[in-house]
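What follows is one structure encoded as structure tokens, with my remarks underneath.
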Amino acid sequence: MTSRLQCVEDSSLLDYLNSFSRTHPGLVLNNPKMFDFEATLSTFDLIVALLGATSVYVVVRCISLLYFHPLSRYLRPKIAAVSNIWYACHW
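Residue numbering for the sequence shown follows my numbering, beginning at 5 and increasing consecutively.
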């Protein structure tokens, strides 16, 4: 059974990509693994991507809360601005 996503064997597509890559030398389009949709990511790759996305989210959220929030112009502890840890300290 062939998948509709397996377009690597289609010679007309490969011919088109090869001619396109010759006319646009900065692009690498003739890599046969480029259109291999059955390639899977390893567990390590998924963990690294998840940690990277989480850290980017945390940094962007902290910056937005510290500098772009409507209450950012008032003086307050920075830890109270970005988290609820101060609740545990003062409870």
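C-beta: ideal position from N, C-alpha, C; glycine also.
Taking the straight line between their C-alpha atoms, what separation do you get for residue i and residue j?
{"i": "F48", "j": "Y78", "result": "43 angstroms"}
{"i": "G56", "j": "A92", "result": "28 angstroms"}
{"i": "Y61", "j": "S16", "result": "43 angstroms"}
{"i": "P20", "j": "V52", "result": "Checking the sequence, you will find Tyr at residue 20 rather than Pro. Rounded to the nearest angstrom, the two C-alpha atoms are 35 angstroms apart."}
{"i": "R80", "j": "W95", "result": "18 angstroms"}
{"i": "N22", "j": "S46", "result": "30 angstroms"}
{"i": "T27", "j": "S59", "result": "40 angstroms"}
{"i": "Y71", "j": "L54", "result": "26 angstroms"}
{"i": "L50", "j": "L18", "result": "30 angstroms"}
{"i": "S76", "j": "W90", "result": "17 angstroms"}
Per DSSP, what kind of secondary structure is residue i in: helix, strand or coil?
{"i": "H73", "result": "coil"}
{"i": "R65", "result": "helix"}
{"i": "S87", "result": "coil"}
{"i": "R26", "result": "helix"}
{"i": "Y20", "result": "helix"}
{"i": "S46", "result": "coil"}
On the criterion of 16 or more Cβ atoms from any shown chain inside 10 Å, does residue i qualify as buried, or is it exposed?
{"i": "S7", "result": "Legend: pLDDT at S7 = 49, less than 50; position of this residue unreliable, value from coordinates given subsequently. That one is exposed."}
How do the region 83-94 and the region 63-72 stand: do at least 3 beta-carbon pairs fall below 8 angstroms, yes or no? yes
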